[in-house]
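Protein sequence lines correspond, in order, to chains A and B.
Each number in our numbering comes from the position in the first sequence (counting from 1) with 459 added on.
Each number in our numbering comes from the position in the second sequence (counting from 1) with 1005 added on.
Idealized CB from N, CA, C, for every residue including glycine.
Scroll down for the structure; my scribbles are underneath it.
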Amino acid sequence: MRRVLLAVALPAVLIAVWWVVSALAGSFFWPPLSTVLAVFPETWNADRIVGDVLPSLARLAIGYLIALVGGVVLGVAIGSFRTLRAMAEPVLEFFRALPPPVLIPVIALFAGYTGWTSKIVTIALGCLWPILLNTVDGVRSVDEVLRDTARSYRLGPVDRFLHVVLRGASPRIVTGARQALSIGVILMVISELFGANRGLGATIVQFQRGFEVPEMWTGIILLGLLGVVLSVLFRLVENWTLAWYHGQRQAERKG
Amino acid sequence: MAVSLDVDGLAKTYTGHGRDVEAIRDLTFKVQQGELVCVVGPSGAGKTTLLRCIAGLLDSSGGQVRLDGVPVTEPPPGMAVVFQEYGRSLFPWLTVRKNVELPIKSRPAFRKSAEAALEAVGLSDSADAHPWQLSGGMQQRVAIARAIAYEPSVLLMDEPFAAVDAQTRADLEDLVRTLWRRLGITIVFVTHDIDESVYLGQRVLVLSNRPTTVLADVPVDLPEERTQLETRSSPAFAEIRSQVWTLVQQAKKDS
């Protein structure tokens, strides 16, 4: 009860402040929150949800999953083989340093501005690096004794991959996946800013260009809410896959 | 009786960074099938190196190890290792039961074997717990259960009780004796604890300081039925203990 109260207190205060200040401000660019909330339902009607929001989320999901699978597979390979790691590390450092939005025009040259492909590729490329680099570190940090145990019991390659490497690296993989998720949401919006006419990000830009200011604000609120939902979903998956890790850390702190 | 483990002229020199370290110079000994042999030596005598060479986890630089007549070049099928670092050799993401089942899950009736092994170490009630929920002594019992469920022809134990408290240690020593007598497996038990080596073993191999050789092979002429209180306070025990102790002191001085 207390925890719920604490979690809700600050948002409530912020909303109240927004409500009062925006009501008093009388600014065209900063309409009263009551107006913004009033236009919310009609702005995000069924047509916009099906035509803009869901396609955006679908592209995010596809791009993110590609990055997750690709990052983990490549990361396990690079983390497991020293020669591969020595070869790949300088290249990885270079690509990691590139801000993903810079790639959008380049990707668009190949995949076109308007289609799904360029947006999915943008999201996937941006999400790949944190997952890949964290997986490499995670694989390298798998305990030596555990590796020796797996070797002396002659576990097969599949068991070693699933039960030793992947699980051992999973705390770091989750860290990378969490970073990638926020990058993915940003790229989902940014990838639609360049020459797209539908999608969540594109819609917000269109509202802004058309001076439909309250509608623009509803889009920003919707994005924020989606972010909260995604992070809650992520937390659920994390608690499920890393229950052992949190339990172990808690046991170590007590012991 | 047939020879189970045959260590012949084993040598190991670590090379690297312009400095060669000769850890093991020349080790030769045999372990008969069904024997319980303790290996004791001053700290830094290369006990762990020896064990890792026998287990096939480390390449030797000379000589040979044969298990049931077959040269050991990689971890052999008939061997199980119990490491000192119990907390790091169990899979924290698997339950106790799954930890025991993992190495044997391709065998028929593996569930029953795991169940029996857990019962033998007195952990049937904790089968569904995770290792980190258990005390150190219980975790080492899990590692022992996993080893005996694997039904090895030789069980290697590398200072397995060095990190548990004295009372737990006594219980675990008795457990090892009980299991050894009941299952008739061959055990090589490495320890730095002289009392432990005499209490457990049928004979005690005393190692020299680095570079390691076998300094003495001391038979332990104590009754098979041993108890912590009576055996340890018997004159025969004291005599063997002082014999081994003198040898270890000698080994330390020679360095």
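- With contacts defined as CB atoms closer than 7 Å, B/Pro-1157 and B/Ala-1085 qualify as a contacting pair.
- When the alpha-carbon of B/Val-1077 is set against those of B/Val-1159, B/Ser-1202, B/Gly-1021 and B/Thr-1236, the nearest one is in B/Val-1159.
- Look at B/His-1135: its C-beta is under 7 Å from a C-beta on chain A.
- At a cut-off of 7 Å, the C-beta of B/Pro-1097 has a neighbouring C-beta in chain A.
- For A/Ala-710, the nearest CB of chain B lies under 7 Å from its own CB, placing it at the interface with that chain.
- The straight-line gap separating the alpha-carbon atoms of A/Thr-662 and A/Ile-537 is approximately 40 Å.
- Closest by C-alpha distance to B/Thr-1053, out of B/Arg-1246, B/Val-1195, B/Asn-1214 and B/Val-1219, is B/Val-1195.
- The straight-line gap separating the alpha-carbon atoms of B/Ser-1213 and B/Trp-1250 is approximately 12 Å.
- Residue state for B/Arg-1208 is assigned as strand, using DSSP reduced to three classes.
- Under the 8 Å Cβ criterion, the region 1034-1041 of chain B does not count as touching the region 1226-1245 of chain B, having fewer than three qualifying pairs.
- Taking C-beta atoms as the reference points, B/Ala-1152 and B/Val-1193 fail to come closer than 7 Å.
- Put simply, of A/Phe-693, A/Ile-582 and A/Val-644 the residue whose alpha carbon is nearest the alpha carbon of A/Gly-530 is A/Ile-582.
- Nearest to B/Ala-1050 by alpha-carbon distance, out of B/His-1197, B/Thr-1236, B/Ser-1239 and B/Gln-1207, is B/His-1197.
- Not flagged as an interface residue toward chain A: B/Leu-1010, since no C-beta distance is shorter than 7 Å.
- Legend: CB atoms of the region 599-612 of chain A lying less than 7 Å from CB atoms of chain B belong to residues Asp-602, Val-604, Leu-605, Asp-607, Thr-608, Arg-610, Ser-611 and Tyr-612.
- Under the criterion of beta carbons closer than 8 Å, B/Gln-1233 and B/Asp-1179 qualify as touching, at roughly 7 Å.
- Taking a Cβ-Cβ cut-off of 8 Å, the neighbours of B/Met-1084 in chain A comprise Ser-611, given in sequence order.
- Contact between the region 612-629 of chain A and the region 1105-1124 of chain B is present, with at least three C-beta pairs closer than 8 Å.
- B/Glu-1027 has B/Thr-1018 as its beta-bridge partners, per DSSP.
- The Cβ atoms of B/Ala-1256 and B/Leu-1220 lie closer than 7 Å to each other.
- Contact of A/Gln-638 with chain B is not assigned, every C-beta pair being separated by 7 Å or more.
- Residue contact with chain B for A/Arg-541: absent (no Cβ-Cβ distance below 7 Å to any residue of chain B).
- Ranking B/Thr-1020, B/Leu-1041, B/Lys-1258 and B/Ser-1131 by CA distance to the CA of B/Leu-1099 puts B/Ser-1131 first.
- With contacts defined as CB atoms closer than 7 Å, A/Val-463 and A/Pro-673 fail to qualify as a contacting pair.
- Taking C-alpha positions only, B/Ala-1243 is separated from B/Leu-1056 by approximately 28 Å.
- A buried status is given to B/Asn-1104, since no fewer than 16 other beta-carbon atoms sit within 10 Å of its beta-carbon.
- Following the DSSP letters along the chain, one finds B/Pro-1228 in no alpha helix (DSSP H), marked with neither H nor E.
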